[in-house]
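K.L.:
From first to last, the protein sequence lines are chains A and B. Counting from 1, position 452 in the first sequence corresponds to residue 448 in the numbering used here; the numbering is continuous, with no gaps. Counting the second sequence from 1 gives a position; the numbering used here is that position plus 1254. Sharing a structure below in structure tokens format, with a few things to ask.
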Amino acid sequence: MNWTMMSALVVYLVGVYLLGYYSWAFVARARAGTGAGFMREYFISGRDLGGFVLAMTLVATYVSAGSFIGGPGTAYTQGLGWVFLAMAQMPTGYLTLALLGKRFAILARKINAVTIVDYLKARYESDLVVILASISIVAFLMASMTAQWVGAARVLQAVGMSYELGLAIFAITLLIYVTVGGFRAVALTDALQGMVMLVGTIAIIIGAVSAGGGVENIVRTMYKTNPDLITPFGVKNFISVPWVSSFWVLVGIGLVGLPQIAVRAMAYRDSKAMHRAIIIGTPVAGFLMLGMHLVGAFGAAVVPGIKAGDLVVPTVTTKVLPEWLAGMFLAGPLAAIMSTVDSMLILVASSIVKDIWLNYVNPKMSDRGIANMSTIVTIIVGVVVYVTALKPPPLLVWLNLFAIAGLEATFFWPILLGLYWRRANAPGAIASMLAGVGSYLYFDQVILWKKPLGMHTVVLPLILALVAFVVVSCVTRKPSREIEEKFWA
Amino acid sequence: MEDDRKGLRVDPRYVQATKEAVIGLILFVLNFLWWYGFAYTLGSGSPDKYTYVLGFPAWFFWSCIVGFVVFSIAATWVVARFFKDIPLD
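Structure, rendered in structure tokens:
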């Protein structure tokens, strides 16, 4: 084990524990109070996120193993075209906050919603909507959590830990701070993790550029290796124009439909927090995307000959940075993964406790019972994910392939149209969810039509989901007067 | 406040909130056009004929690097100019 690199990681982990401990005081106070108070604290931190924390938790939740390990790995083989593609994700922060906007925050307060499913339940008053949404959250997020944990263990392997030990340390840390601190611990550690990612990205981009003898030199080497590496089209037109044009649907606007992103739009304190979050979050998201993917693309010139994509970032890091700095940087991808997984974990727990158990199994649970159950469910979900990450079952591997697209197909229209279209009703929402996920699976898995009309697989299902929503809503009864009054008056 | 055709009094805060959502969407579309436009106008020719800015191919410099800076500033400006401080409770 490399102790110099290890010590930087340890400092980072201590910081995470301290924030968990700090949040514990809030949770304990809420636990002593009422049940609704506890749920609001544990699942949405009492709706008091300030601008900086909101910006960081939004960006960090979204920036995952994909952006820190997988994406740069692909940029290594595809060059600047892949960096260009990654920049489609820059608007995520401002788009989510502006589109869901204050309206979502106002509504969440009116109906006292602490989860996305709470909101859908109040808007559509349909058990089927609640059940489909909850199943989608639990299945897709469990699958992508497992994949992220595998990524974390790989990062820890880079400092010489065994896969099992790395996974165990990661899992225990994450479980402790999420269980004791709830959403507040998730958001605060996200802020810390966001800063670790920022510092790490700055360090490694400087390291890579100077190791390669300046940008001009690096780009010239890339051109000599293969001229395709400096075009927007990738190697042998791998990144085709229609695909790019539609990819931004998946990673640009579609992200608004991810429950772990959308839930943050109802957790902020006031208008000012939201404004500050847009101002801070936009450059942070852009910089992380640009910096990390550039590192991957430049890596092809700086450290040629790396075989596996996942090893590009760890290898470049250890090659171009001094050891103590490399350790700090490896905390970056680890932070990226943790900040994504903690949000998923708390969301899955909220869905099981609040959306499924309290709605359908035992609506009369005592306040203390809710508090205890939330803790226990968080632990159980975490342990299940830990065990499955040791040897991921094929079903989860399969589900993870379309977890993001699946969540977007489920939630995008029901969330947005519920907010902006008064005529949207339950049959429409159900039709939209079924049409979206169903057609996605059908195209992607059954007829293997991976790029319909050259576009990303998610685009056509999203269009079909919209059509289904509008058509079915229009031919069925309009929402009740009570819903209209609750949501518009 | 305005009564709509069904006699429902629409929450006046929604008017401002919807305006902000539309402005956010416009910013996103401009962001997309900038990103997409510079990449495919300057980057479509043969890489042998590329021009460079600060070592980067010009298409990449304008699309990704300048685009990043411009839209970070634009987001700040839009918030300062159009977003209003309204109560949420």
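From the three backbone atoms N, C-alpha and C, an ideal C-beta is built for every residue, glycine too. Here the structure is a predicted model, which is why all the values come from computation and not from measurement.
Suppose the cutoff is 6 Å on Cβ atoms and the five residues either side in sequence are ignored; what does the same chain contact list for L246(A) look like?
P.N.:
Answer for L246(A): H452, V454, listed in chain order.
K.L.:
With H, G and I counted as helix, E and B as strand and the rest as coil, what does DSSP make of Y356(A)?
P.N.:
Here Y356(A) sits in helix by DSSP.
K.L.:
Would D266(A) count as contacting chain B if we go by Cβ distances under 8 Å?
P.N.:
Yes, D266(A) counts as interfacial toward chain B.
K.L.:
Can you have a look at E1256(B) and say buried or exposed, based on whether 16 or more other CB atoms are within 10 angstroms of its CB?
P.N.:
Note that E1256(B) scores 44 on pLDDT, short of 50, meaning its location in the model is unreliable and no value can be drawn from it.
K.L.:
Under 7 Å between beta-carbons, which chain A residues line up against V1333(B)? List them in chain order, please.
P.N.:
Those are H271, I274, I275, listed as they occur along chain A.
K.L.:
If you reduce the DSSP assignment to three classes, tell me which class V1307(B) lands in.
P.N.:
The answer is strand: DSSP assigns V1307(B) an E or B state.
K.L.:
Checking the sheet assignment: what are the DSSP bridge partners for Q264(A)?
P.N.:
Correcting the residue identity first, residue 264(A) is Tyr in this sequence and not Gln. Paired residues: L45(A).
K.L.:
In whole angstroms, give me the CA-to-CA distance for M193(A) and W244(A).
P.N.:
When rounded, the distance between both Cα atoms is 23 Å.
K.L.:
Helix, strand or coil for R1263(B) per DSSP?
P.N.:
Of the three classes helix, strand and coil, the one that applies to R1263(B) here is strand, per DSSP.
K.L.:
So, under 8 Å CB-CB, I275(A) and V1333(B) are touching, yes? Tell me the CB distance rounded to an integer number of Å.
P.N.:
I275(A) to V1333(B), Cβ: 6 Å. Contact.
K.L.:
If we count Cβ pairs, one from each stretch, closer than 8 Å, do we get three or more for the region 46 to 55 of chain A versus the region 133 to 153 of chain A?
P.N.:
No contact exists between the region 46 to 55 of chain A and the region 133 to 153 of chain A.
K.L.:
Out of curiosity, what's the CA-to-CA distance linking Q517(A) and G1297(B)?
P.N.:
Outside the displayed range of chain A (-3 to 485) lies residue 517(A), so it cannot be described from this structure.
K.L.:
Could you tell me which chain B residues have their CB closer than 8 Å to the CB of G282(A), listed as they occur along the chain?
P.N.:
Residues of chain B passing the Cβ test: F1322, F1325, S1326.
K.L.:
For a cutoff of 8 Å on Cβ pairs, would you count T472(A) as touching chain B?
P.N.:
So no, T472(A) is outside the interface.
K.L.:
Just the C-alpha distance for I112(A) and V59(A), rounded to the nearest angstrom, thanks.
P.N.:
If I take the Cα positions, the gap works out to 21 Å.
K.L.:
May I ask you to report which of helix, strand or coil DSSP gives T453(A)?
P.N.:
In this structure, T453(A) counts as coil in the three-state DSSP scheme.
K.L.:
Does the structure place the region 462 to 478 of chain A close enough to the region 418 to 432 of chain A that three or more beta carbon pairs sit under 8 Å?
P.N.:
Output reads yes: the region 462 to 478 of chain A touches the region 418 to 432 of chain A.
K.L.:
What first and last residue would you give for the alpha helix (DSSP H) that runs through I375(A)?
P.N.:
Unbroken alpha helix (DSSP H) run through I375(A): 363 to 386.
K.L.:
State the start and end residues of the unbroken alpha helix (DSSP H) segment that holds V496(A).
P.N.:
No statement about residue 496(A) is possible, as the shown extent of chain A runs from -3 to 485 and does not include it.
K.L.:
Along the chain, where does the alpha helix (DSSP H) that runs through Y72(A) open and close?
P.N.:
Start and end: 67 to 74.
K.L.:
Going along chain B, which residues have a C-beta under 8 Å from V211(A)?
P.N.:
The contacting residues are L1308, G1309, F1310.
K.L.:
What residue does the alpha helix (DSSP H) around A101(A) start on, and which one ends it?
P.N.:
Here the alpha helix (DSSP H) through A101(A) covers 88 to 106.
K.L.:
Check whether chain B comes within 8 Å of P68(A), counting only Cβ atoms and requiring the distance to be less than that.
P.N.:
No, because no Cβ of chain B sits closer than 8 Å to the Cβ of P68(A).
K.L.:
Taking the C-alpha atoms as reference points, what is the distance between T73(A) and V316(A)?
P.N.:
Straight-line Cα distance between these residues: approximately 19 Å.
K.L.:
Quick one, which of G156(A), M429(A), N358(A), V211(A) has its alpha-carbon nearest W(-1)(A)'s?
P.N.:
W(-1)(A) has its Cα closest to that of G156(A), out of G156(A), M429(A), N358(A), V211(A).
K.L.:
Mind pulling the chain A residues with CB within less than 8 Å of V1264(B)?
P.N.:
Ordered by position in chain A, the residues that pass the 8 Å Cβ test against V1264(B) are W484, A485.
K.L.:
Hey, would you say the C-beta of L321(A) is under 7 Å away from at least one heavy atom of the ligand SAM?
P.N.:
Judged by which ligands are present, the structure shown has none, so any question about the ligand SAM falls away.
K.L.:
With a cut-off of 8 Å, does the C-beta of W1313(B) fall near any C-beta of chain A?
P.N.:
Judged by the 8 Å Cβ criterion, W1313(B) is in contact with chain A.
K.L.:
Are the region 275 to 288 of chain A and the region 82 to 97 of chain A touching, with three or more C-beta to C-beta distances below 8 Å?
P.N.:
Yes, since at least three Cβ pairs between the region 275 to 288 of chain A and the region 82 to 97 of chain A fall closer than 8 Å, the two stretches touch.
K.L.:
Anything in chain A within Cβ reach of T1330(B), meaning under 7 Å, just list it in chain order.
P.N.:
Within 7 Å Cβ-Cβ: I275.
K.L.:
Taking 8 Å as the limit between beta carbons, can you name the residues of its chain near T70(A), skipping five residues before and five after?
P.N.:
Around T70(A): W78, G292, G305.
K.L.:
Could you spell out where the alpha helix (DSSP H) holding D114(A) opens and where it closes?
P.N.:
Looking at the DSSP string, the run of the alpha helix (DSSP H) that includes D114(A) is 112 to 120.
K.L.:
Here's the rule I'm using: 16 or more other beta-carbon atoms within 10 Å means buried, otherwise exposed. How should G301(A) be labelled?
P.N.:
When all chains shown are included, G301(A) counts as exposed.
K.L.:
Using a beta-carbon distance below 8 Å, is R105(A) in contact with chain B?
P.N.:
Answer yes: the Cβ-Cβ gap between R105(A) and chain B drops below 8 Å somewhere.
K.L.:
Under 8 Å between C-beta atoms, does E1256(B) make it to chain A?
P.N.:
Bear in mind that a pLDDT of 44 at E1256(B), under 50, signals an unreliable position, so the number given afterwards is only what the model happens to contain. So no, E1256(B) is outside the interface.
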